[in-house]
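Peer 1: First residue of the sequence shown? That's 27 in the numbering used here, and the numbers climb one at a time after it. Quick one: structure below, then a few questions.
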Amino acid sequence: MKKIRRLLFLQDVLILACTSFGGPQVHLAMFIDRFVKKRNYLTEAELLELQALCGFLPGPTSTQTITALGYKIGGPNLAYLTLLVWITPAVTIMTAAAFGMTYLRNREIIRFIQPIGVAFIIHAGFVLGNKVIKNASGVILMVLASGFAFYFQSPWVCPISLIIGGTFTAFNYKDYPHQTKHKMVIPWANFNLFWLFLLFLAGLGHFTDYEPIRLFENFYRNGSLVFGGGQVLAPILYTEFVEFKELVRADDFLTGMALSQALPGPVFALTSYLGTLVMKDGTWWEQLLGSAVGAAGIFLPGTFLIFFVYRIWGQLKQYRGIRASLDGINAASIGLTLAAAITFIVPMVKQVDVVGLVTVIGTLLILQFTKVPSFLIFLGGLILGFIF
């Protein structure tokens, strides 16, 4: 019975990996629909807790959330399988895109995809806001986090916003019942693996010229230090790979970034595309090695961290202040989602991009008033790109 349940879970993960467009908050809405409402793997409150917890950690939030869910259902073995199934479709497509770069330089093909993605972000923000924002203080935190993130576009905005939001509502701990407290037991193994591996790779990358190892060190370091998701990761990688090291052409990078935003699954799969391009002068298997190194380097640190944090989360929740802080964390998270949408919309308004704005509004109407599957909406966007 357990084996069948785990296979069914992996099937659900694969379906989501192929259909969940739009980034972490859109992913969360789809996770709720499939894992909570359809399968009852956990409660909605538990899933929101996991998402809030992963928001505090560096690395890809959606990937950490779904990996932690795999850990909850079947332990570390299922968690690693979950990670593999979740990232494989996006990594495969991004790798193929790097091989087919000449064709993809015609970026008109994906011109409708970004505004469609923006509409998904806005819609997810409102849907989730209705679920997690319970009072006026939640609305205030959402608005403040949104403004803060929009005006101060820094990698530190995400964790600072979540900490401020969580601290603000933690003072409402008296609204939560007491729980029996037990002595905390902290298993340090995965945390030690995380930082020892980081130090080892930093040293190895310094003393070798072998490109795959240096790539692995670069991606592992970024996966260990980047908060805020793919929107934060992309400009950091652009600075490193395009401006500083000149390993990737600027137009190729921007095409890959747009494509990664358009695909289902994790936006961090952009690194497999970059790894392939960096190894473009090698053989085809060396390019595939670059892709594998990019994916492993960016996803492993977040996985080590969530394995560590998830195992102590149940112990932390015995404190009322921790439970109360989740309300503020969730409200701030919705604010960050809306800030991401605003960041994309403002250039459209300034450039009077009528096509983009109409696409956003039209997609929002489809999402609000119909039940058209998300993958069909994005497929329609690609078809429009081919036609126009």
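Even glycine gets a Cβ: it sits at the ideal position worked out from N, Cα and C. Being a predicted model, the structure only gives us computed values, none of them experimental.
Enumerate in chain order the residues of its own chain whose CB-to-CB distance from residue 117 is below 6 Å, with the five nearest sequence positions on each side excluded.
Peer 2: 295, 298, 321
Peer 1: Once DSSP output is grouped into helix, strand and coil, what is the label at residue 193?
Peer 2: In this structure, residue 193 counts as helix in the three-state DSSP scheme.
Peer 1: Quick check on this structure: which residue in 122, 36, 393, 229 has the alpha carbon closest to the alpha carbon of residue 289?
Peer 2: 122
Peer 1: So, is residue 52 buried or exposed, given that buried needs 16 or more other C-beta atoms within 10 angstroms?
Peer 2: buried
Peer 1: Mind checking which residues open and close the alpha helix (DSSP H) that includes residue 283?
Peer 2: 276 to 288
Peer 1: Residue 223 lies in the alpha helix (DSSP H); which residues open and close that run?
Peer 2: 215 to 233
Peer 1: Please list, in chain order, all residues of the same chain as residue 242 whose beta carbon is under 6 Å from its beta carbon, the five residues on each side excluded.
Peer 2: 319, 323
Peer 1: Around the C-beta of residue 112, are 16 or more other C-beta atoms found within 10 angstroms, so that it is buried, or is it exposed?
Peer 2: Counting Cβ neighbours within 10 Å, residue 112 comes out buried, since at least 16 surround it.
Peer 1: Report the option in 218, 265, 266 whose CA atom is closest to the CA atom of residue 330.
Peer 2: 218
Peer 1: Since I believe residue 347 is in contact with residue 138 (beta carbons under 8 Å), could you give me their beta-carbon distance rounded to a whole number of angstroms?
Peer 2: Actually they do not touch by this definition, with Cβ atoms about 46 Å apart.
Peer 1: Tell me the start and end of each unbroken alpha helix (DSSP H) in the stretch 293 to 325 that is at least 4 residues and wholly inside, in chain order.
Peer 2: Every unbroken stretch of the alpha helix (DSSP H) spanning 4 or more residues and falling wholly within the stretch 293 to 325 is given here in chain order: 296 to 304.
Peer 1: Give, in chain order, every unbroken run of the alpha helix (DSSP H) that is at least 4 residues long and sits entirely within the stretch 369 to 395.
Peer 2: 380 to 395
Peer 1: Closest by CA to residue 355, which one among 43, 127, 158?
Peer 2: That would be 158, whose Cα lies nearest to the Cα of residue 355.
Peer 1: Let me know if residue 401 comes out buried or exposed under the rule of 16 or more other beta-carbons within 10 Å of its beta-carbon.
Peer 2: exposed
Peer 1: Measuring alpha carbon to alpha carbon, tell me which residue in 205, 167, 38, 44 is nearest residue 64.
Peer 2: The shortest Cα separation from residue 64 among 205, 167, 38, 44 belongs to 38.
Peer 1: Alpha carbon to alpha carbon, how far is residue 278 from residue 214?
Peer 2: 41 Å
Peer 1: Let me know the secondary structure DSSP gives residue 204 once reduced to three states.
Peer 2: coil
Peer 1: Residue range of the alpha helix (DSSP H) that residue 117 falls in?
Peer 2: 87 to 125
Peer 1: Alpha helix (DSSP H) containing residue 177: first to last residue?
Peer 2: 162 to 177
Peer 1: Using the C-alpha atoms, what's the distance from residue 373 back to residue 196?
Peer 2: Looking at the two C-alpha atoms, the distance is approximately 37 Å.
Peer 1: Any idea what DSSP makes of residue 272, helix, strand or coil?
Peer 2: coil
Peer 1: I need the straight-line Cα distance from residue 233 to residue 240, nearest angstrom please.
Peer 2: 9 Å
Peer 1: Please return the same chain residues whose Cβ sits closer than 7 Å to the Cβ of residue 174, not counting the five positions on each side in sequence.
Peer 2: 183, 187
Peer 1: Which value, in whole angstroms, describes the spacing of the CA atoms of residue 327 and residue 293?
Peer 2: 16 Å
Peer 1: If I follow the unbroken alpha helix (DSSP H) through residue 343, where does it start and stop?
Peer 2: First-last for residue 343: undefined, no H or E at that position.
Peer 1: Am I right that residue 244 and residue 262 are in contact with their C-beta atoms under 8 Å? What's the rounded C-beta distance?
Peer 2: Not confirmed; about 10 Å, so no contact.
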